[in-house]
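Numbering (my numbering), first residue to last: 299 to 490. Each residue gets a CB set at the ideal place from its N, CA and C atoms; glycine is no exception.
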């Protein structure tokens with residue numbers, strides 16, 4: 299573990315490699331799992347406000363589910379706010395393009411329709427953040443469906459934290475990311 303300020307980072311984010319390979323995994327992280335994507339408190343009103351604009355980007359069954367359940371739900375296992383699942387499977391915000399699950403929110407954002415890119419937990423994946431009373435844990439969530447991303451990351455030599463740069467910058471800012479880069483360089487230098 300590496301501590302910087304109030305954040306405790308799993309060393310696997312520096313050591314292990316990862317680059318998504320959507321052609322191989324088909325966006326499985328949006329489809330598989332027992333709960334939706336974790337949401338920050340400030341993302342909840344954003345989801346509510348952009349829903350009317352998102353409707354044309356969503357599948358009809360997703361629109362119906364959101365109108366019935368809401369733009370977010372509470373995960374019964376831990377009380378966290380998460381994106382709803384459609385039929386207990388994929389995220390309601392998932393859309394499919396040539397069999398690959400993608401985020402409708404991000405598609406709307408990329409077209410300038412909404413100001414919100416996607417939940418930060420999705421932007422960070424496979425990094426998972428958990429807030430505790432005295433610190434914030436920053437971990438690498440290893441999942442068998444991401445095996446192609448590990449192979450791709452090893453081939454390209456990209457550590458998990460570097461693959462997740464945009465999400466880490468968005469969540470924690472540039473000072474924290476610079477600290478990670480320094481730690482990674484120090485760590486790499488000590489392992490040669």
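As DSSP reads the structure, residue 305 sits in a beta bridge with 302 and 434. For the pair residue 337 and residue 368, the Cα-to-Cα distance works out to about 13 Å.
When DSSP reads this structure, residue 317 sits in no beta bridge, so it has no partner. Taking residue 485 as the centre and dropping the five residues before and after it, the same chain places the C-beta of 312 closer than 6 Å to its C-beta, in chain order.
Pairing residue 305 with residue 436 gives a Cβ-Cβ distance under 8 Å.
Pairing residue 323 with residue 444 gives a Cβ-Cβ distance under 8 Å. The Cβ atoms of residue 451 and residue 316 lie closer than 8 Å to each other. For residue 462, no beta strand (DSSP E) segment is defined, and its DSSP state is neither H nor E. Taking the C-beta atoms as reference points, residue 328 is found no nearer than 8 Å to residue 378. According to DSSP, residue pairing for residue 350 in a beta bridge does not occur.
Scanning 320, 477, 302 and 466 for the CA closest to the CA of residue 398 turns up 320. Among the bridge pairs identified by DSSP, residue 428 is matched with 435. Residue pairing by DSSP places residue 372 opposite 379 in a beta bridge.
By the Cβ-count criterion, residue 408 is exposed, with fewer than 16 other Cβ atoms from all chains shown falling within 10 Å of its own Cβ. When DSSP states are grouped into helix, strand and coil, residue 335 belongs to the coil group. In this chain, residue 393 is not harboured by any alpha helix (DSSP H); it is covered by the beta strand (DSSP E) spanning 392-395. The C-beta separation of residue 412 from residue 403 comes to about 7 Å, placing the pair in contact by the 8 Å criterion. Residue 457 sits buried, since 16 or more C-beta atoms from the chains shown fall within 10 Å of its C-beta.
In the DSSP assignment, residue 389 forms a beta bridge with 383. In the structure shown, the three-state DSSP call for residue 399 is strand.
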